[in-house]
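The next block holds one structure in the form of structure tokens; read it before the comments.
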Amino acid sequence: WLGVVGAIILLIIAVFSEIQTRDNVMQAQSAENSAQNFATGLARQQSAIVSMGMADVAFRNWAQQKAFASGLYLQGSEASGIYGSTTRGIRIILTIGALGLGAWLVLQQQSSPGVIIAGTILLGRALAPIDQSVGMWRQIIRVRQAWAELQERHQSDEAQEHATTPMPRPDAKVQFENLEVACPGSEKPLLPKFNLSLQAGSMIALVGGIGSGKTSLLQTTAGAWPPFSGAVHLGGRDLHRWDMVDRGRYVGYLPQDSELLFGTVAQNIGRFSNAPTEAVIETARFVGCHEMIMSLPDGYDTVVGPGGIHLSAGQKQIIGITRALFGQPVMLLLDEPTANLDAATVQQLKNVLTQVKASGAIVIMATHDLRLVEISDNVVMLTPENIKMLSSADYFAGLRKAHPAFIKQGSAQSGDGQ
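The opening position of the sequence shown corresponds to residue 23 in our numbering, with each subsequent residue numbered one higher.
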């Protein structure tokens, strides 16, 4: 009966342990999945995050999610450790009790010494599975210690970071000085060395064949990639020597493969900063996607990105454009902005870009869409041999001469879209 009573006590403790830790474990797992989804989004959107200075705030957001998940794990492990220690103590007491009871029975000549040994072994074997089911608390403690070390290391790294003085809003002037661009790690530039100066209110269309270097030039101009040689200056300051967070406030970038981070629509548009909701909504209204966002299940609070609600490619594209325009950047970089957009939305985008240009910002876009080329001031043609800039009128004149039927058809389609 001693073993039966002990087993019942341990089972009761196991039930209480399950009740106390189950919710924490489930919540911790959910929080961990959210943090993992957010990290996946960060990896996919590395270029946009670096170019717009979102790395620090995105990392803090991810760290907060990880800290929340770890806190829940620690709460569960603490309760599990307490119950595990309790069951182990009770098991030892029961073993001692079994030995004492057996010794008393031997003294009363109601049992033999062999029964004492056998009973003690059987009791230990019977209670061991219950004891082990209550806690793998030692492993949890090791996880907690490892997490504490990571936190200490992170705090040490933060302490070593030096603060930078925020710079005032730069003048809308971009200069490419002896610039060569290449993919990171490449030993050969994609484009020949060139110089170019863009003033406030300039709108440039980058055109060229597949692999001509349009995206690489935008990545370098955004600050996501280092230049192969030369420099890019924004407002007279070397863009690649500028603090990423400070610089990102003045740069808007839409990558070619626009993806959203795990979070709400408002967080994505506001670049995961503490931006007021009014500023987010104002930008969405300016772009013309406010009604589309409000049609989502939770409006601006709808969770998107990996693990969030499914959005069409066009919806993700227009939200990505809105994110790029948030904060009224001095320089706006767009990589195939009309991809996945219908004719009405393209016309809407043309109107937006015209207003951005009129505000004095510089717009540089890589595009094959003639509807965007026609509103550009100049066209930069990229080839491995040379870089040629000409007015959009001259560009269309050349196209008409080379492909008269194609230009006539393209102009008709553009007119239908308008």
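Note that the Cβ used here is the ideal one computed from N, Cα and C, for glycine as well.
Straight-line Cα distance separating residue j from residue i
i	j	result
Cys311	Ala366	12 Å
Leu354	Leu347	7 Å
Asp391	Thr360	7 Å
Arg191	Tyr272	7 Å
Arg164	Gly122	The pLDDT assigned to Arg164 is 48, lower than 50, so where the model puts this residue is not dependable; a value taken from the coordinates is nonetheless given after this. Roughly 36 Å between the two C-alpha positions.
Ile30	Glu54	35 Å
Ala227	Gly336	21 Å
Ala91	Leu240	37 Å
Lys372	Ala415	17 Å
Lys423	Asp320	52 Å
Val229	Glu358	10 Å
Gln87	Gly63	14 Å
Arg160	Glu313	Any answer about Arg160 is weak, because its pLDDT of 43 lies below 50 and its placement is not dependable; what the coordinates show is given next. Taking the straight line joining both Cα atoms gives about 54 Å.
Gly111	Arg293	53 Å
Asp438	Arg393	Residue placement at Asp438 is flagged as unreliable, the pLDDT there being 40, under the threshold of 50; a coordinate-derived value is accordingly withheld.
Ile115	Tyr322	59 Å
Ser73	Met387	15 Å
Gly252	Leu404	18 Å
Ala101	Met48	14 Å
Arg269	Ala246	11 Å
Phe38	Ala50	19 Å
Lys210	Ser238	13 Å
Gln182	Met411	Reliability fails at Gln182, whose pLDDT of 45 lies under 50, so the model's placement of it is uncertain and no value is given.
Phe308	Pro351	14 Å
Thr299	Ala288	7 Å
Pro214	Asn362	32 Å
Asn59	Ser234	33 Å
Asp265	Pro426	48 Å
Lys195	Gln173	42 Å
Thr243	Leu261	8 Å
Ile409	Ser56	45 Å
Ile331	Ala70	21 Å
Asn400	Ala222	14 Å
Phe81	Asn290	14 Å
Tyr95	Thr286	25 Å
Thr324	Pro188	33 Å
Thr376	Gln97	55 Å
Leu318	Glu304	18 Å
Val402	Thr389	11 Å
Glu407	Leu212	9 Å
Ala297	Ile232	38 Å
Ala301	Gln278	25 Å
Phe198	Gly258	11 Å
Ala125	Arg113	18 Å
Arg66	Ile34	48 Å
Ala380	Val374	10 Å
Extent of the continuous alpha helix (DSSP H) run through residue i
i	result
Val378	Ala365 to Ala380
Glu407	No alpha helix (DSSP H) holds Glu407; DSSP gives it neither H nor E.
Gln316	Here residue 316 turns out to be Met, not Gln, going by the sequence shown. From DSSP, the alpha helix (DSSP H) with Met316 extends over His312 to Met316.
Glu300	Thr299 to Val309
Ser73	Gln68 to Ser73
Gly342	Ala335 to Leu347
Thr237	Lys236 to Ala244
Asn362	Counting along the chain, Asn362 falls outside any alpha helix (DSSP H), and DSSP gives it neither H nor E.
Phe418	Ser414 to Ala424
Gln289	Val287 to Ile291
Asp392	Checking the sequence, you will find Leu at residue 392 rather than Asp. Note, Leu392: alpha helix (DSSP H), Leu392 to Val395.
Asp268	Met266 to Gly270
Where the beta strand (DSSP E) containing residue i begins and where it ends
i	result
Val402	Asn400 to Leu404
Met353	Met353 to Asp357
Tyr275	Val273 to Leu276
Ala253	Ser251 to Leu256
Ser219	Phe216 to Leu220
According to DSSP, residues forming a beta bridge with residue i
i	result
Met225	Val385
Gln197	Ser219 and His255
Asp260	His255
Gly207	DSSP, once it has assigned bridges, lists no residue as partnering Gly207.
Val441	Nothing about residue 441 can be read from this structure; the chain reaches only from 23 to 440.
Glu444	Any question about residue 444 goes unanswered here, given that the chain covers just 23 to 440.
Beta-carbon separation (whole angstroms), residue i vs residue j, contact threshold 8 Å
i	j	result
Gly342	Ser280	4 Å
Met225	Ile397	7 Å
Leu283	Gly327	5 Å
Val385	Val378	6 Å
Leu220	Val254	The pair is not a contact, with the Cβ atoms about 11 Å apart (cut-off 8 Å).
CB contact below 8 Å: residue i versus chain B
i	result
Lys379	Included in the structure is just one protein chain, with no chain B present.
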